[in-house]
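Per my numbering, residue 2 is the first one in the sequence shown, and the count goes up by one each step. No residue lacks a Cβ here, since even glycine has one placed at the ideal position from N, Cα and C. Here the structure comes first, spelled out in structure tokens, and everything after it is commentary.
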Amino acid sequence: MNIVYLDESGFAVDSPRTHGYTKKGRRCYARKDWHARGRLNAIGAIAGFVFLTVCLFDCYIDSDIFYAWLTGDLLPKVPPRSVIVMDNAAFHKRKDMTEAIESAGHIPEYLPPYSPDLNPIEHK
2 MNIVYLDESG
12 FAVDSPRTHG
22 YTKKGRRCYA
32 RKDWHARGRL
42 NAIGAIAGFV
52 FLTVCLFDCY
62 IDSDIFYAWL
72 TGDLLPKVPP
82 RSVIVMDNAA
92 FHKRKDMTEA
102 IESAGHIPEY
112 LPPYSPDLNP
122 IEHK
């Protein structure tokens, strides 16, 4: 039986630089426009040491986007009779998500609350 771990993450595309160069003895300054320029979100899944899929989105990941990714991208790539491990995000437990996983012949499992360290994809 294979175990597949998945997670989603997001980051700003214009993250500020924390280091720079200047003449020795001088302080480095930079101007920063703190208005958000955009956000990139990613969803990925691993089985063992292999990434099954990683997808980038230029929008927030909600339950509809996650469902489309799950059914259209992940489930066709998952080895038969796998356990699919997710965190406790509310939309992971939506009935249609669970039904899609189970109807594809897999078992959905959820990590304990506030335990991202138990998900190996967090360490990739």
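- For Ser-104, name the three-state secondary structure that DSSP assigns. DSSP places Ser-104 in helix when its eight states are reduced to three.
- Contacting residues, own chain, Cβ-Cβ under 8 Å from Ala-101 (five flanking each side not counted): Taken in chain order, the residues that qualify are Tyr-68, Leu-71, Thr-72, Leu-76.
- For Tyr-111, the three-state DSSP class (helix, strand or coil): Looking at Tyr-111 - three-state DSSP - the assignment turns out to be strand.
- Query: Span of the alpha helix (DSSP H) holding Ile-66?
  - Reply: Element bounds for Ile-66: 64-70.
- Query: Do Tyr-61 and Asn-89 have their C-beta atoms within less than 8 Å of each other?
  - Reply: Result no, Cβ atoms of Tyr-61 and Asn-89 do not sit closer than 8 Å.
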